[in-house]
Amino acid sequence: MDNKRIFVYSESEPVDRNVVAHGLYRAASPILRSIRDHLDGIAIYPIGLTLDSRDLDPELASLCVSLPRLPTLFCKTLRRYPFLDFGISERLPAQLLAPFIEKSSAGILFCFIGADIGTVIRATRLAMLSGRKCVFYVVDDFFSPLQLSGMSRAAIRKVTEQAQEALRNAIKVFTITDGLGELLWQTSGVASVTLGLAFDLTPRPIVPVKNQIIYLGSINFLYADGLFTLFKAVEQIRVATGVDLTVRLTQNATMAIRELGPLPEFVQAAPVETAEGLALEITSSLFAFLPYTFDSRYSTMVATSFPSKSMEYLAYARSIVVYGPGYGVATQYFQKAGLPSIVESPTELEEIILTHLTTQPDFSAMYREYLASTHSLVAARKTLCTGLGLNL
Numbered sequence: 017m018d019n020k021r022i023f024v025y026s027e028s029e030p031v032d033r034n035v036v037a038h039g040l041y042r043a044a045s046p047i048l049r050s051i052r053d054h055l056d057g058i059a060i061y062p063i064g065l066t067l068d069s070r071d072l073d074p075e076l077a078s079l080c081v082s083l084p085r086l087p088t089l090f091c092k093t094l095r096r097y098p099f100l101d102f103g104i105s106e107r108l109p110a111q112l113l114a115p116f117i118e119k120s121s122a123g124i125l126f127c128f129i130g131a132d133i134g135t136v137i138r139a140t141r142l143a144m145l146s147g148r149k150c151v152f153y154v155v156d157d158f159f160s161p162l163q164l165s166g167m168s169r170a171a172i173r174k175v176t177e178q179a180q181e182a183l184r185n186a187i188k189v190f191t192i193t194d195g196l197g198e199l200l201w202q203t204s205g206v207a208s209v210t211l212g213l214a215f216d217l218t219p220r221p222i223v224p225v226k227n228q229i230i231y232l233g234s235i236n237f238l239y240a241d242g243l244f245t246l247f248k249a250v251e252q253i254r255v256a257t258g259v260d261l262t263v264r265l266t267q268n269a270t271m272a273i274r275e276l277g278p279l280p281e282f283v284q285a286a287p288v289e290t291a292e293g294l295a296l297e298i299t300s301s302l303f304a305f306l307p308y309t310f311d312s313r314y315s316t317m318v319a320t321s322f323p324s325k326s327m328e329y330l331a332y333a334r335s336i337v338v339y340g341p342g343y344g345v346a347t348q349y350f351q352k353a354g355l356p357s358i359v360e361s362p363t364e365l366e367e368i369i370l371t372h373l374t375t376q377p378d379f380s381a382m383y384r385e386y387l388a389s390t391h392s393l394v395a396a397r398k399t400l401c402t403g404l405g406l407n408l
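In this note's numbering, the protein residues as written are 17 to 408.
1. Per DSSP, what are the beta-bridge partners of V189 in this structure?
2. Any idea if F237 is buried or exposed, counting beta-carbon neighbours within 10 angstroms, 16 or more meaning buried?
3. Across which residues does DSSP place V359 in a beta bridge pair?
4. Comparing alpha-carbon positions, which option in Q178, M167 and I192 lies nearest D156?
5. With a threshold of 6 Å on Cβ separation, who are the neighbours of V318 within its own chain once the five nearest residues in sequence on each side are excluded?
6. On a CA-only basis, which of V36, S361 and E29 is nearest L48? Give me that one, please.
7. Looking at the unbroken alpha helix (DSSP H) that takes in P307, where does it start and where does it end?
8. Which of helix, strand or coil does DSSP assign to T210?
9. Taking the alpha-carbon positions, what's the L199 to T257 distance?
10. Is the beta carbon of F305 closer than 8 Å to that of I230?
11. What's the gap between the Cα of L232 and the Cα of L365?
12. Give the secondary structure of F23 by DSSP, where H, G and I count as helix, E and B as strand, and everything else as coil.
13. Beta strand (DSSP E) containing A122: first to last residue?
14. Indicate the three-state DSSP secondary structure (helix, strand or coil) for G57 in the structure shown.
15. In chain order, what residues of the same chain lie with their CB nearer than 7 Å to the CB of L355, ignoring the 5 residues before and after it?
16. Check each candidate in G403, V338 and F116 and name the one with the smallest Cα separation from E360.
17. If you draw a straight line from the C-alpha of L246 to the C-alpha of A388, how long is it?
18. Using the beta-carbon count (16 or more within 10 Å), is E27 buried or exposed?
19. According to DSSP, is Q376 part of a helix, a strand, or is it coil?
20. I'd like the span of the beta strand (DSSP E) that includes A286, first residue to last.
21. Can you tell me where the beta strand (DSSP E) holding Q228 begins and where it ends?
22. Are there three or more Cβ pairs, one per stretch, closer than 8 Å when the region 108-119 is compared with the region 142-161?
23. How close, in whole Å, do the beta carbons of I124 and L302 come, if the pair is a contact with beta carbons under 8 Å?
24. Can you tell me where the alpha helix (DSSP H) with R42 in it begins and where it stops?
25. Among the residues of its own chain, which have a CB less than 7 Å from the CB of A249, if the five just before and after it don't count?
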């Protein structure tokens with residue numbers, strides 16, 4: 017495949033380095049930059065966050081073609097009313113984007129796959145219409161969320177079988193973690209290659225530390241329990257010590273309250289406008305908090321879903337506190353790398369907060385060294401080019 021080039025399909029726009037975004041919006045850009053010379057185009061169906069064209073990664077923007085706004089809005093509307101859809105929202109994006117790929121010399125359609133199983137179906141249809149072979153990069157377990165979706169058993173079985181067939185027919189499957197790869201092997205009989213996230217390491221700001229704990233990114237059922245435990249621990253420590261310890265959330269207040277209910281007065285919830293500003297907030301905090309739920313209903317997702325926020329944490333945090341079960345991806349990742357710190361109970365969490373207040377540990381040099389050695393663009397390029405038979 018040395019003479020083959022790559023066309024990309026993504027439902028998350030590749031964003032500029034200074035745009036604050038998470039999940040695939042943040043993950044895609046550095047990985048694609050690592051193989052920029054092999055890319056012939058990027059087809060985008062923006063079903064999630066809608067960004068201004070100025071937010072696109074400038075190194076990749078010229079390659080991007082997006083589904084027009086009106087068809088996008090039409091498909092989004094149909095997704096809210098399944099009884100009107102009849103599969104239109106699955107078929108239309110592929111039909112409109114296929115002509116762009118047909119003009120390309122690329123033989124590979126490289127597809128980013130998150131938690132929406134529909135992405136697998138749309139990507140496969142796009143590959144079929146354009147006559148290309150699929151390569152999948154899977155970053156989330158898209159099977160488990162189906163059980164929480166409210167779909168009928170028959171519908172779940174049908175879409176699961178479609179996705180499994182698509183995975184088996186792919187010429188290569190990459191996964192974000194070993195655990196996710198093991199899940200695909202167990203559920204679908206698909207062998208995969210682990211491709212970790214890539215990150216462009218920039219200089220770490222030099223700022224004084226303040227009595228603040230930061231949590232970066234979205235809030236949902238995977239993280240809410242841990243945040244409640246953190247709030248309770250901080251409240252008890254504030255009463256016991258008199259220290260004005262605060263918690264900083266980067267989710268907007270409306271969304272945070274929707275997921276968590278009324279926030280304690282010591283919790284600030286507001287977006288950070290730029291990546292540079294986010295780096296300052298993380299660097300100035302006592303530690304960055306990385307929680308996962310202990311609820312067994314979500315154990316598969318906890319064991320397979322890699323937190324993209326950990327890249328910014330490793331790049332800028334003085335210290336990181338992982339709070340979650342021993343089988344969780346974050347816990348396993350930090351244990352394997354020999355990185356501090358991991359706690360697995362409310363008591364341990366309270367103790368480590370007190371330790372940070374009294375000693376203010378700084379492990380940033382260790383974190384950044386690991387990030388540079390394991391998650392560089394060079395490492396991502398080597399994995400991709402080796403797996404796809406492309407020139408390094």
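Where is the CB? At the ideal position from N, CA and C, for every residue including glycine.
Judging by the given coordinates:
1. F152
2. exposed
3. Looking at the DSSP output, V359 bridges to Y339.
4. I192
5. Y308 and G344
6. Looking at the Cα atoms, E29 is the closest of the given residues.
7. Unbroken run through P307 is the beta strand (DSSP E), F303 to P307; no alpha helix (DSSP H).
8. strand
9. 45 Å
10. yes
11. Linking L232 to L365 through their CA atoms gives a straight-line distance of about 18 Å.
12. Assigned with DSSP and collapsed to three states, F23 falls in strand.
13. A122 -> no beta strand (DSSP E), and no H or E assigned at all.
14. In the three-state scheme derived from DSSP, where H, G and I count as helix and E and B as strand, G57 is classed as strand.
15. Hits under 7 Å: M382, Y383 and Y386.
16. Out of G403, V338 and F116, the CA that lies nearest to the CA of E360 is found in V338.
17. 30 Å
18. Counting C-beta atoms within 10 angstroms of its own C-beta, E27 has 16 or more neighbours from the protein chains shown and is therefore classed as buried.
19. Reduced to three states, the DSSP call for Q376 is coil.
20. No beta strand (DSSP E) holds A286; DSSP gives it neither H nor E.
21. Q228 to Y231
22. By the C-beta criterion, the region 108-119 is judged to be in contact with the region 142-161, since at least 3 inter-stretch pairs fall below 8 Å.
23. So it is not a contact: roughly 45 Å between Cβ atoms.
24. L40 to S50
25. P362, L365, E366 and I369
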